[in-house]
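Chemist: The sequence shown begins at 1321 in my numbering and counts up one residue at a time.
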Amino acid sequence: MFRQMAYRDFDRVFRRSFWRKISAWLTGKSNELIPYQELRQQLPLANQRDIGLQTIEVDKIIGSVGRYRDFDRAFLPTQRVTSDRWVNIKTAAYQEKEMPPIEVYKLGDVYFVRDGNHRVSVARERDAIYIDAYVTEIELPIKATPDSDFDDIVSQKEVALFMQKTGLAKLRPDADLRLSDPRQYGRL
């Protein structure tokens, strides 16, 4: 009985992800999870430290290490290939079985899933506000928020490098020197 309900739930969220994809295409807004590996290649990340088991906000999870194509930004499944795993987790949720914590990287105020993408998807589908996670924090010289997309974060890299090279990061940490074209910081 629970398994059948979980399959119906999967079909419902899968259809929802399809309509969100169409909406994103029509509006020109990104609906994709941010790929952690690509972001890591673009940004100067440093000082990684394990901060242990934490309770984190589900809405602050904006990306994934390996499964960023399997889910959209709301962690709705975008491919049927993931259905069996999703259904198993949803069935366990119906049976009120305790799930193991997920594993995430924390960059600024946002998180990227290392392990547990399907658990995050089911948690979001159930309107969970918090989820337990083993957190590895990585220093990031920019401000990433739950509303940030890949291009926003990468464009802030130029600001961070400019602030660091000029010493303004220490002298005037609150200075807001955003240019409309981030490629012009070298010229400035």
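Even glycine gets a Cβ: it sits at the ideal position worked out from N, Cα and C. Quick caveat: nothing in here was measured; it's all calculated off a predicted structure.
1. Give every residue of the same chain whose Cβ lies closer than 6 Å to the Cβ of Ser1343, excluding the five residues on either side of it in the sequence, and list them in chain order.
2. Going by other Cβ atoms of all chains shown within 10 Å of its Cβ, with 16 needed for buried, is Gln1484 buried or exposed?
3. Identify every run of the beta strand (DSSP E) within the region 1440 to 1473, keeping only runs that are complete inside it and at least 3 residues long; order them along the chain.
4. Measure the alpha-carbon distance for Ile1449 versus Val1424 and round it to whole angstroms.
5. Could you pull out every unbroken beta strand (DSSP E) segment of at least 3 residues lying fully inside the region 1371 to 1418, listed in chain order?
6. If you reduce the DSSP assignment to three classes, tell me which class Arg1492 lands in.
7. From the DSSP output, in three-state form, read off Asp1331 for me.
8. Check this for me: beta carbons of Leu1396 and Arg1336, under 9 Å apart or not?
9. Taking 8 Å as the cut-off, does the region 1372 to 1390 touch the region 1342 to 1360 (at least 3 CB pairs, one atom from each stretch)?
10. In the DSSP assignment, find the alpha helix (DSSP H) that holds Arg1360 and state where it starts and stops.
11. Can at least three beta-carbon pairs, one atom from the region 1393 to 1411 and one from the region 1430 to 1440, be found at a separation below 8 Å?
12. Provide the residue span of the beta strand (DSSP E) that contains Lys1426, from first to last.
13. Name the residue from Thr1456, Met1325 and Asp1447 whose alpha carbon lies nearest to the alpha carbon of Ala1412.
Modeler: Let me lay it out:
1. none
2. exposed
3. List check, beta strand (DSSP E) in window: 1450 to 1459.
4. 16 Å
5. 1381 to 1384
6. Three-state result, Arg1492: coil.
7. helix
8. yes
9. Cβ pair count under 8 Å is three or more, so yes.
10. Tyr1356 to Gln1362
11. yes
12. Ile1422 to Leu1427
13. That would be Met1325, whose Cα lies nearest to the Cα of Ala1412.
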